[in-house]
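Residue numbers (this note's numbering): 653 to 1129. No residue lacks a Cβ here, since even glycine has one placed at the ideal position from N, Cα and C. Everything below concerns the one structure shown next.
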């Protein structure tokens, strides 16, 4: 999509506070050690697109409505509906209406409120859906995530919403939540709770079951980073400032099934999950692209892969599924030249994809077995693991790749009263050598949002093995 096809006009900014004041005993939330390790400026974005009839090829994606007055009235109704349901939802997710403390180790839950922006987009959804540009999509999420000029992150809201109104009558809800207190599972719970509240006015058992438990610090005790010998929490994990580009690769369900079947041989019992199959292929392509870009022999540079792991069900006994905050850790796997195999039709060497899947499985299982999954939890060991990984990423003789999977989250169930999303996606993100995997609408296919350097991306977009299973930024169907 050409950049001149979209113009976003902010028409209103509001602050939405919880509909009921947060009780005084809950006014201060201690962050867990995992929360402490997240930079204060990290606000992952998410976009939910809705058509007026939930049919992209119908009126929701086409020409502007002829009854402008009627459309404006509906827009106001929709906006008020979202604001009122958000206020009710914030009574349960009250830290999102608070602010970060000066020491970045607590949330002051003083009901300062979330930011709610209403915007008018000068194009139709069909133009967005034709060939979605992740960079253009950043204009549809709130511009938040950078501290004030004096570096003060304590003034930033922890939740920002942008309600986008398209000329065709379609809508998009853009969200940014502070990663300081929200991981993927918590984000999913918030969106589900907000949608159910909007749909049923919050008066049902489903909403009650979604109420979060903001008590992660009691399971994962915080550490004292006030000592100058240790870096502050804001510097624990850095966001890359390198030149990058984000591209969307779409794996249809049938292509994933073919890939899984190929990787399962000779035994169907060893068929990898769809996420593992897609991740292995992308990592293989990343190593090949790095080799070609650097003009070095394949396998001469080891490559590390970092994948986030949800800890809630891994503990014995399992932690509450509604435990909010960052309840995740990292799994690290390293690939070396031992994965290389000579191709039969030539003298060239290649990475064996089946062996790479086996390496991923083995590496993940070994780390899962050694990771502490019992209480009391040793936060110092968790911090030591982070230090070891940071040391690993400073190794300039090794490539480093990271992945986050948002598959199996109920994003496509988010019905606020006008139907389920036509499309859920992620705009361009400021992370280098990273991929985020998210479900397609059918729940079986996968969309991969890949961020790498422009030179590396050229190799991805022309990789015949990748293009056998994935399409490069196709039209949203």
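Helix, strand or coil at residue i [DSSP, three-state]
i: residue 1111; result: helix
i: residue 845; result: helix
i: residue 981; result: strand
i: residue 852; result: helix
i: residue 793; result: coil
i: residue 882; result: Only weak support exists for where residue 882 lies, its pLDDT of 44 falling under 50; the value from the coordinates is given anyway. DSSP places residue 882 in coil when its eight states are reduced to three.
i: residue 817; result: strand
i: residue 993; result: strand
i: residue 1048; result: coil
i: residue 756; result: coil
i: residue 707; result: Model confidence at residue 707 stands at a pLDDT of 41, short of 50, so the residue's coordinates are unreliable; what they give is reported in the following sentence. Note: residue 707 maps to coil in three-state DSSP.
i: residue 862; result: helix
i: residue 717; result: At residue 717 the pLDDT is 47, less than 50, meaning the model places this residue with poor confidence and gives no usable figure here.
i: residue 677; result: helix
i: residue 668; result: strand
i: residue 1035; result: helix
i: residue 896; result: coil
i: residue 1087; result: strand
i: residue 1063; result: helix
i: residue 766; result: strand
i: residue 1074; result: coil
i: residue 1118; result: helix
i: residue 833; result: coil
Contact belief for residue i with residue j at Cβ below 8 Å, rounded distance in angstroms
i: residue 1076; j: residue 781; result: Not really, about 13 Å apart at Cβ, beyond 8 Å.
i: residue 684; j: residue 977; result: 6 Å
i: residue 945; j: residue 735; result: Wrong, their Cβ atoms sit about 48 Å apart, outside the cutoff.
i: residue 1085; j: residue 1054; result: 7 Å
i: residue 738; j: residue 1067; result: Rounded, the Cβ-Cβ distance is 15 Å, inconsistent with contact.
i: residue 975; j: residue 965; result: Not really, about 11 Å apart at Cβ, beyond 8 Å.
Within 8 Å, strictly: CB atoms of residue i and residue j
i: residue 832; j: residue 752; result: yes
i: residue 763; j: residue 674; result: yes
i: residue 777; j: residue 1079; result: no
i: residue 967; j: residue 1020; result: no
i: residue 826; j: residue 792; result: yes
i: residue 987; j: residue 939; result: yes
i: residue 808; j: residue 829; result: no
i: residue 849; j: residue 740; result: yes
i: residue 1059; j: residue 1089; result: yes
i: residue 924; j: residue 985; result: no
i: residue 814; j: residue 847; result: no
i: residue 1063; j: residue 843; result: yes
i: residue 805; j: residue 816; result: no
i: residue 979; j: residue 1122; result: no
i: residue 908; j: residue 1098; result: yes
i: residue 742; j: residue 766; result: yes
i: residue 784; j: residue 900; result: yes
i: residue 871; j: residue 1112; result: no
i: residue 658; j: residue 775; result: yes
Residue i - containing alpha helix (DSSP H), residue span
i: residue 939; result: 926 to 946
i: residue 781; result: 777 to 782
i: residue 731; result: 720 to 742
i: residue 804; result: Run containing residue 804: none; DSSP gives neither H nor E here.
i: residue 951; result: Residue 951 -> no alpha helix (DSSP H), and no H or E assigned at all.
Span of the beta strand (DSSP E), counted from its first residue to its last, around residue i
i: residue 687; result: It is not in any beta strand (DSSP E) - residue 687 instead sits in the alpha helix (DSSP H) that spans 685 to 688.
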